[in-house]
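Q: In order, the protein sequence lines correspond to chains A and B. Residue numbers 672 to 1257, in the numbering used here, belong to the letters of the first sequence in order. Residue numbers 672 to 1257, in the numbering used here, belong to the letters of the second sequence in order. Backbone N, C-alpha and C define an ideal beta-carbon position, used for all residues, glycine too. Since this is a predicted model, take the numbers as computed values, not measurements. Please read through the structure below; I'll follow up with questions.
2 protein chains.
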Amino acid sequence: MGLKHYLPILDWSRTYNRSAFSNDMIAAVIVTIMLIPQSLAYALLAGLPPEAGIYASIAPIILYAIFGTSRALAVGPVAVVSLLTASAIGQVAEQGTAGYAVAALTLAFLSGGFLMLLGVLRLGFLANFLSHPVIAGFITASGILIATSQLKHILGVDAYGHTLPEMIGSILSHLGQINWITVVIGVSATGFLFWVRKGLKPFLKSVGASRKLADVATKAGPVAVVVVTTLTVWFLGLDRTGVRIVGDVPQSLPPLTLPGLSPDLVKALLVPAILISVIGFVESVSVAQTLAAKKRLRIDPDQELIGLGAANIGAAFTGGYPVTGGFARSVVNYDAGAETPAAGAYTAVGLAIAAVALTPLVYYLPNATLAATIIVAVLSLVDFAILKKTWGYSKSDFAAVTATILLTLGLGVEVGVASGVVISVLVHLFKTARPHVAEVGLVPGSQHFRNVDRHSVETSPEVLTLRVDESLYFINARFLEEMVKNRVAEGCSIKHVILMFSAVNEVDFSALESLEAINEHLKDMDVGLHLSEVKGPVMDRLKQSSFIKDLNGSVHLSQFDAWQALLRDLKCDAVQMRSQTPTAKN
Amino acid sequence: MGLKHYLPILDWSRTYNRSAFSNDMIAAVIVTIMLIPQSLAYALLAGLPPEAGIYASIAPIILYAIFGTSRALAVGPVAVVSLLTASAIGQVAEQGTAGYAVAALTLAFLSGGFLMLLGVLRLGFLANFLSHPVIAGFITASGILIATSQLKHILGVDAYGHTLPEMIGSILSHLGQINWITVVIGVSATGFLFWVRKGLKPFLKSVGASRKLADVATKAGPVAVVVVTTLTVWFLGLDRTGVRIVGDVPQSLPPLTLPGLSPDLVKALLVPAILISVIGFVESVSVAQTLAAKKRLRIDPDQELIGLGAANIGAAFTGGYPVTGGFARSVVNYDAGAETPAAGAYTAVGLAIAAVALTPLVYYLPNATLAATIIVAVLSLVDFAILKKTWGYSKSDFAAVTATILLTLGLGVEVGVASGVVISVLVHLFKTARPHVAEVGLVPGSQHFRNVDRHSVETSPEVLTLRVDESLYFINARFLEEMVKNRVAEGCSIKHVILMFSAVNEVDFSALESLEAINEHLKDMDVGLHLSEVKGPVMDRLKQSSFIKDLNGSVHLSQFDAWQALLRDLKCDAVQMRSQTPTAKN
Chain A
672 MGLKHYLPIL DWSRTYNRSA FSNDMIAAVI VTIMLIPQSL AYALLAGLPP
722 EAGIYASIAP IILYAIFGTS RALAVGPVAV VSLLTASAIG QVAEQGTAGY
772 AVAALTLAFL SGGFLMLLGV LRLGFLANFL SHPVIAGFIT ASGILIATSQ
822 LKHILGVDAY GHTLPEMIGS ILSHLGQINW ITVVIGVSAT GFLFWVRKGL
872 KPFLKSVGAS RKLADVATKA GPVAVVVVTT LTVWFLGLDR TGVRIVGDVP
922 QSLPPLTLPG LSPDLVKALL VPAILISVIG FVESVSVAQT LAAKKRLRID
972 PDQELIGLGA ANIGAAFTGG YPVTGGFARS VVNYDAGAET PAAGAYTAVG
1022 LAIAAVALTP LVYYLPNATL AATIIVAVLS LVDFAILKKT WGYSKSDFAA
1072 VTATILLTLG LGVEVGVASG VVISVLVHLF KTARPHVAEV GLVPGSQHFR
1122 NVDRHSVETS PEVLTLRVDE SLYFINARFL EEMVKNRVAE GCSIKHVILM
1172 FSAVNEVDFS ALESLEAINE HLKDMDVGLH LSEVKGPVMD RLKQSSFIKD
1222 LNGSVHLSQF DAWQALLRDL KCDAVQMRSQ TPTAKN
Chain B
672 MGLKHYLPIL DWSRTYNRSA FSNDMIAAVI VTIMLIPQSL AYALLAGLPP
722 EAGIYASIAP IILYAIFGTS RALAVGPVAV VSLLTASAIG QVAEQGTAGY
772 AVAALTLAFL SGGFLMLLGV LRLGFLANFL SHPVIAGFIT ASGILIATSQ
822 LKHILGVDAY GHTLPEMIGS ILSHLGQINW ITVVIGVSAT GFLFWVRKGL
872 KPFLKSVGAS RKLADVATKA GPVAVVVVTT LTVWFLGLDR TGVRIVGDVP
922 QSLPPLTLPG LSPDLVKALL VPAILISVIG FVESVSVAQT LAAKKRLRID
972 PDQELIGLGA ANIGAAFTGG YPVTGGFARS VVNYDAGAET PAAGAYTAVG
1022 LAIAAVALTP LVYYLPNATL AATIIVAVLS LVDFAILKKT WGYSKSDFAA
1072 VTATILLTLG LGVEVGVASG VVISVLVHLF KTARPHVAEV GLVPGSQHFR
1122 NVDRHSVETS PEVLTLRVDE SLYFINARFL EEMVKNRVAE GCSIKHVILM
1172 FSAVNEVDFS ALESLEAINE HLKDMDVGLH LSEVKGPVMD RLKQSSFIKD
1222 LNGSVHLSQF DAWQALLRDL KCDAVQMRSQ TPTAKN
């Protein structure tokens, strides 16, 4: 049982049969054809030689098939992680040097090690520090950055930069190099691919083609563009006019490689590796969960960490670079009918054959074509709807998205996503720093207490009940102390204060000290301090201090009990009725 | 009114009379006598020439008297801030150089500017990010560091270092330089001062002295040590035997100085300046609050920021270094009967006279005596009781204190306090990442619902009520989603799920998406989703989304309403009784 948990392959391989095999094989063929140009393109985006993209799809796919829990996830290079890779290793080595390729291996190794570590420690929930709005903002900004970074290949110019202003500035300053034949190839490839995506299916349907044919034609679009542009370049000898092409790709199985582990390199790449791991994990898990939900299957996020960790370590030793579960390839795999992770293994075999036999065929493939496939793929990631949605619901979430988008575009992917996380956390802390504290009264005819400012409720001038709408911890402890002191100073007739703790989920040591200070203060003023609706875990904790013993009052199970007991003591059941125009029914 | 808010001097000066003047004068004389050796000592601790300590006590005190809100606070150099200053500027300049003194001015200027900015933006609550345990741990560790840093003066050796291992290592490696006469002076001064602090008062009382005399004698202790050791060195010519002395101190009023504002210097000192500001502010405000509470007065933390900011900017332009409200000097000022901030102004006049006329008198004052006064003062800050208290109450607070102490001792004051803040925040976030979710049932005979695991309550197999004990936000949103899905998958007969929101104080955009996902999931399973006890502010927010409209159920004012309505619908009032041995009465 334990082993099966860590090696999910032992689970599904027992029931593997002929029908599953044939479905997996069909899916593998479709995915392999799609992955050849995609892998080359993402390697280009990462600044690596084209074969690195193919190598990064072989060993990782097999390792994920053994350790991963998703049945449809396809692991390999993806756009955002390729961009992050380029940004990270661009800071330690020059593109095109041997050091650059080694740094990519190191990055994959560190990233894999970190994922494994998180998996073993079962810390998958750490990925939740990336909030939905921050992820959405980051992906949108990354899509824009990636598309812009590919413009240089469409124009046939040199350009560098990790931020939008750098990229645009660099492209503008190199406009003199523009190669018009490259522009014609790049623009027509991009235009054609957009049309395949948006216009081909309706067109084929309108001429009476079956839905299946339309689907296949749509997916074959990128392959068609690759074939047509390659043949054009070869036939017309366009490479001699300055059109940049993929060129020689070694005909070989993935080589055995060793990541560089010098302390300087590791130190420089550790933080980027952690960022890449977390972002890759979040992307992969959300794809895997979406696909698993369609078949009512479940994935285990902690085991996913181990699967992705193994895949990345595999990439580090076989000439690859950081990988994760990709959206496009996984959806194609799923739609093509993949039933088990074996489909991934067959894809790996297909790609290995391609690496050995087919690489000469892409010699004349223009870089502009690869850039076109990337641009069309990533622009579908750009989605500004999140701005509108968060604006309508919560200004602080809107601020987090906006900051993430602007910082990612303006200062680069690493700063952008790190700032997004920090901003989300700070926004949350600020919201809890000045908690909502409501004075409550009894809803007539019930045992329920609500805010006096929103409901018509019964109150007493001698008993003040404050419902504290936040866990009490160091950031807001003093706020409550001030608040209670001020409130009691205002109401001269107050004999008892009840703190209603229904929304207090934690009282840390700083807050305990503040409660003790409140208790001392009220004792000096001869006002009782009572607690009601204290939760079990909070009460367990408070009992370990002397606060409950020293309390100048008592603890009541429910607010209604407290209310009745105090009114009985005061011998006054003449309560006031505070009438409010109810602004909200709650 | 507005002006009076920003210039508290306009408030108290209107009622200033002869009695207040005479009380303030007496306090000023006592504080001045105490401050002369203390200011010299703290300048030594900061690595600055002795006069810097006196200059830092003059202009700042006057500026605080104009802008500050506390009537007893005495502003000037303090131990912890002096240590932080030494640590910060030691990284940009060599001690003893002109650059070092200029860096101290810059640090004071940046620190003052930052405090002013916070004050104008009314962001005083930011200081709450330093939790009580972190402050306590930091002060204790700083006390140890400061005392250790002064050992070199007691031994008469050279030694450097900003961390405990560095200091001890450096002292051990310089033991060959030890000057035994210095050791005799230093050890006897330290021993005598400890005895004054602990043994003098009981001794005087036992011989029948009045309480007042005993008090004065205790306070005069440090002055007596200064006088005796200075005379001894002068009389015996001990400076010629290698005993290090204060030496020439310029006879002058505070000079007009300009802080260096080169971009490199500002960049290097900005983060330390922010740390110093926050720590100084926290120390000062807690002293001021303690003293104000004794007279039932109030201070305004945001105006305090402006007062301390002005004081630091004043220090930057008059040859000083970062200052704040000090504990020892403020308590002495208060005890001596100071009634208004004018006492501070008179102290400033006294120190100015001392700076002009008395500095030749301290020529023969040995550094070892100053070190002894520092050691005795800071060891009273060292208090390990916080470790025991937090251990008993909360292991996570204990972890934060321990980490702060160890990191401050091992890696220096800046890393220590910054890590303390980060650790406290992370601990809090981790606690909220996997919230407590209780299944609740009705307490018989009441309208109150409590945890089924802790209380004997009524439940129904068809209605599952989960009380979510945490605000819902990005870090825990997915946790709730998983949790509800798992819980519903287990209970086959469940027809309705009620989420009891009494403890949910916020639902951010990520959590809204999770709630929508839960709603979709339950709708697919034909299970109703209901909310109860949703607070006003949370409901206002939810109504801005389509969640409430799409809810596969309804929102109820109270949990009891929800329970009754659903049981009526199900036409089953046959509820189960779940009996538990109550582990806690709450």
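A:Phe-785 and A:Ala-944 - do their beta-carbons sit closer together than 8 Å?
A: For the purposes of this step, residue 944 of chain A is taken as residue 273 along the first sequence, with counting starting at 1. For the purposes of this step, residue 785 of chain A is taken as residue 114 along the first sequence, with counting starting at 1. Cβ distance < 8 Å, so A:Ala-944 and A:Phe-785 count as in contact.
Q: Using a Cβ cut-off of 8 Å (strictly closer), state whether A:Asn-1176 contacts chain B.
A: Counted from its first residue, the first sequence places residue 1176 of chain A at position 505. Yes, contact with chain B.
Q: A:Arg-1158 touches chain B at which residues, Cβ-Cβ below 9 Å?
A: Position 487 of the first sequence, counting from 1, holds the residue named residue 1158 of chain A. None at all; the shortest Cβ gap to chain B is about 14 Å.
Q: When you compare each of B:Glu-1204, B:Asn-1223, B:Lys-1214, B:Ser-1216 to B:Met-1196 by their alpha carbons, which one comes out closest?
A: As a first step, residue 1196 of chain B is located in the second sequence; it is residue number 525 there, counting from the start. If we check each option's Cα against that of B:Met-1196, B:Asn-1223 comes out closest.
Q: Report the three-state DSSP secondary structure of A:Ile-970 (helix, strand or coil).
A: By one-based count along the first sequence, residue 970 of chain A stands at place 299. Reduced to three states, the DSSP call for A:Ile-970 is coil.
Q: Nearest CA to the CA of A:Thr-867: which residue from A:Trp-851, A:Thr-889, A:Leu-846?
A: Numbered from its first residue, the first sequence carries residue 867 of chain A at position 196. It is Val, not Thr, that sits at residue 867 of chain A in the sequence shown. It is A:Thr-889.
Q: Distance cutoff 8 Å, beta carbons only. Does A:Gly-1063 sit that close to anything in chain B?
A: Working through the first sequence from its first residue, we reach residue 1063 of chain A at position 392. Yes, its Cβ sits closer than 8 Å to a Cβ of chain B.
Q: Report yes if the C-beta distance between A:Val-994 and A:Ser-758 is below 8 Å; otherwise report no.
A: What you label residue 994 of chain A is simply residue 323 of the first sequence in a count that begins at 1. What you label residue 758 of chain A is simply residue 87 of the first sequence in a count that begins at 1. Taking 8 Å as the Cβ cut-off, A:Val-994 and A:Ser-758 do not qualify as a contacting pair.
Q: Given B:Leu-674, which residues of its chain have a CB within under 7 Å of its CB, disregarding the five upstream and five downstream residues?
A: Along the second sequence, read from residue 1 onward, the residue named residue 674 of chain B stands at position 3. Once the five neighbours on either side are set aside, the close Cβ partners of B:Leu-674 are Leu-681.
Q: Given a limit of 8 Å on CB to CB distance, which residues of the stretch 1084 to 1114 of chain B reach chain A?
A: Flagged, chain order: Ser-1095, Val-1096, His-1099, Leu-1100, Lys-1102, Thr-1103, Ala-1104, Arg-1105, Pro-1106, His-1107, Ala-1109, Val-1114.
Q: Output, in sequence order along the chain, the residues in the stretch 1204 to 1225 of chain B whose CB is closer than 7 Å to any CB in chain A.
A: Against chain A - using a Cβ distance shorter than 7 Å - the residues of the stretch 1204 to 1225 of chain B are Val-1205, Lys-1206, Gly-1207, Pro-1208, Met-1210, Asp-1211, Arg-1212, Gln-1215, Ser-1216.
Q: Between A:Gly-1112 and A:Ile-1146, what straight-line distance do the alpha-carbon atoms span, to the nearest angstrom?
A: Taking the first residue of the first sequence as 1, we reach residue 1112 of chain A at position 441. Taking the first residue of the first sequence as 1, we reach residue 1146 of chain A at position 475. Using only the alpha carbons, I get a separation of about 28 Å.
Q: Thinking just about the alpha-carbon of each residue, which of B:Ile-977, B:Leu-1213, B:Val-1168, B:Ile-1046 is nearest to the one in B:Leu-792?
A: Numbered from 1 along the second sequence, position 121 holds the residue referred to as residue 792 of chain B. The shortest Cα separation from B:Leu-792 among B:Ile-977, B:Leu-1213, B:Val-1168, B:Ile-1046 belongs to B:Ile-977.
Q: What residue does the beta strand (DSSP E) around B:Asn-850 start on, and which one ends it?
A: Within the second sequence, the letter at position 179 stands for residue 850 of chain B. Taken as a continuous stretch (DSSP letters only), B:Asn-850 belongs to no beta strand (DSSP E), as it is neither H nor E.
Q: Using CA coordinates, which residue listed in A:Glu-1204, A:Asp-1054, A:Glu-1110 is at the minimum distance from A:Ala-812?
A: Taking the first residue of the first sequence as 1, we reach residue 812 of chain A at position 141. It is A:Asp-1054.
Q: Report the rounded CA-to-CA distance for B:Phe-988 versus B:Pro-930, giving the unit in angstroms.
A: For the purposes of this step, residue 988 of chain B is taken as residue 317 along the second sequence, with counting starting at 1. For the purposes of this step, residue 930 of chain B is taken as residue 259 along the second sequence, with counting starting at 1. Taking the straight line from one Cα to the other gives about 7 Å.
Q: Buried or exposed, going by whether 16 or more other CB atoms sit within 10 Å of the CB of A:Tyr-677?
A: Within the first sequence, numbered from 1, the residue matching residue 677 of chain A stands at position 6. Looking at its Cβ environment, which holds fewer than 16 other Cβ atoms inside 10 Å, A:Tyr-677 is exposed.
Q: Contact criterion: CB-CB distance below 8 Å. Does B:Thr-1252 meet it with respect to chain A?
A: By 1-based counting over the second sequence, the position of residue 1252 of chain B is 581. Here B:Thr-1252 scores only 47 on pLDDT, less than 50, and its place in the model should not be relied on; the value that follows carries that caveat. By this cut-off, B:Thr-1252 is not an interface position.
Q: Short of 6 Å in beta carbon distance, which residues of its chain neighbour B:His-824, apart from the five on each side in sequence? Order them along the chain.
A: Here the question's residue 824 of chain B lines up with position 153 in the second sequence. Excluding residues within five positions, the ones whose Cβ falls inside 6 Å are Asn-1038, Ala-1039, Ala-1042.
Q: Just mark B:Asn-799 as buried or exposed, buried being the case when its beta carbon has 16 or more other beta carbons within 10 Å.
A: As a first step, residue 799 of chain B must be located in the second sequence, where it is residue number 128. That one is buried.
Q: Give the single residue among A:Ala-1019, A:Ser-753, A:Ile-697, A:Gly-913 whose Cα lies nearest to the Cα of A:Val-854.
A: In the first sequence, counting from the first residue as 1, residue 854 of chain A sits at position 183. When each option's Cα is compared against that of A:Val-854, the closest is A:Gly-913.
Q: Can you tell me whether B:Gln-848 is buried or exposed, with buried defined as 16 or more other CB within 10 angstroms of its CB?
A: Numbered from its first residue, the second sequence carries residue 848 of chain B at position 177. With fewer than 16 Cβ atoms within 10 Å of its Cβ, B:Gln-848 is classed as exposed.
Q: Taking the beta carbon of B:Ile-1076 as the centre, do at least 16 other beta carbons fall within 10 Å, making it buried, or is it exposed?
A: The residue labelled residue 1076 of chain B in the question sits at position 405 within the second sequence. That one is buried.
Q: Does any residue of chain B bring its CB to less than 8 Å from the CB of A:Asp-1068?
A: Here residue 1068 of chain A refers to the residue found at position 397 when the first sequence is read from its first residue. With 8 Å as the cut-off, A:Asp-1068 counts as an interface residue toward chain B.
Q: If you check the beta carbons only, do A:Pro-679 and A:Gln-960 fall under 8 Å apart?
A: Start at 1 with the first residue of the first sequence, and residue 679 of chain A comes out as number 8. Start at 1 with the first residue of the first sequence, and residue 960 of chain A comes out as number 289. Their beta carbons are not under 8 Å apart, which means A:Pro-679 does not touch A:Gln-960 by this criterion.
Q: Between which two residues does the beta strand (DSSP E) containing A:Ile-1165 stretch?
A: Looking up residue 1165 of chain A in the first sequence gives position 494. No beta strand (DSSP E) contains A:Ile-1165, which DSSP labels as neither H nor E.
Q: Could you name the residues of the same chain whose beta carbon sits closer than 7 Å to that of A:Ile-856, not counting the 5 residues immediately before and after it, in chain order?
A: Counting from one through the first sequence, the residue named residue 856 of chain A turns up at place 185. Closer than 7 Å at the Cβ level, and outside the excluded window around A:Ile-856, lie Thr-900, Val-914, Pro-1037, Ala-1039, Thr-1040.
Q: Could you check where the beta strand (DSSP E) with A:Val-1134 kicks off and where it finishes?
A: Stepping through the first sequence from its first residue, residue 1134 of chain A is reached at position 463. From DSSP, the beta strand (DSSP E) with A:Val-1134 extends over 1134 to 1139.
Q: Report yes or no: do the stretch 768 to 776 of chain B and the stretch 999 to 1014 of chain B share at least 3 C-beta pairs separated by less than 8 Å?
A: No: the two stretches stay apart, fewer than three of their Cβ pairs being nearer than 8 Å.
Q: Going along chain A, which residues have a C-beta under 7 Å from B:Ile-1146?
A: By 1-based counting over the second sequence, the position of residue 1146 of chain B is 475. Here the neighbours are Asn-799, Phe-800.
Q: Along the chain, where does the alpha helix (DSSP H) that runs through B:Arg-689 open and close?
A: Here residue 689 of chain B refers to the residue found at position 18 of the second sequence. Start and end: 689 to 716.
Q: Alpha carbon to alpha carbon, how far is B:Leu-776 from B:Gly-991?
A: Indexing the second sequence from 1 puts residue 776 of chain B at position 105. Indexing the second sequence from 1 puts residue 991 of chain B at position 320. Roughly 6 Å separates the two Cα atoms.
Q: With a CB to CB cut of under 6 Å and the five nearest residues on each side skipped, what residues in its chain are close to A:Gly-739?
A: Taking the first sequence and counting its residues from 1, the one referred to as residue 739 of chain A is at position 68. Only Gly-978 meet the Cβ criterion.
Q: Could you check what DSSP says for B:Ala-743 in three-state terms: helix, strand or coil?
A: Position 72 of the second sequence, counting from 1, holds the residue named residue 743 of chain B. DSSP places B:Ala-743 in coil when its eight states are reduced to three.
Q: For chain A, check one thing: does any of its Cβ atoms lie closer than 8 Å to the Cβ of B:Leu-681?
A: Along the second sequence, one-based indexing puts residue 681 of chain B at 10. Cβ-Cβ to chain A under 8 Å: no for B:Leu-681.
Q: For a test of the three-state rule: what should DSSP assign to A:Asn-1122, helix, strand or coil?
A: Sequence index remark: in the first sequence, residue 1122 of chain A carries index 451 (1-based). Strand.
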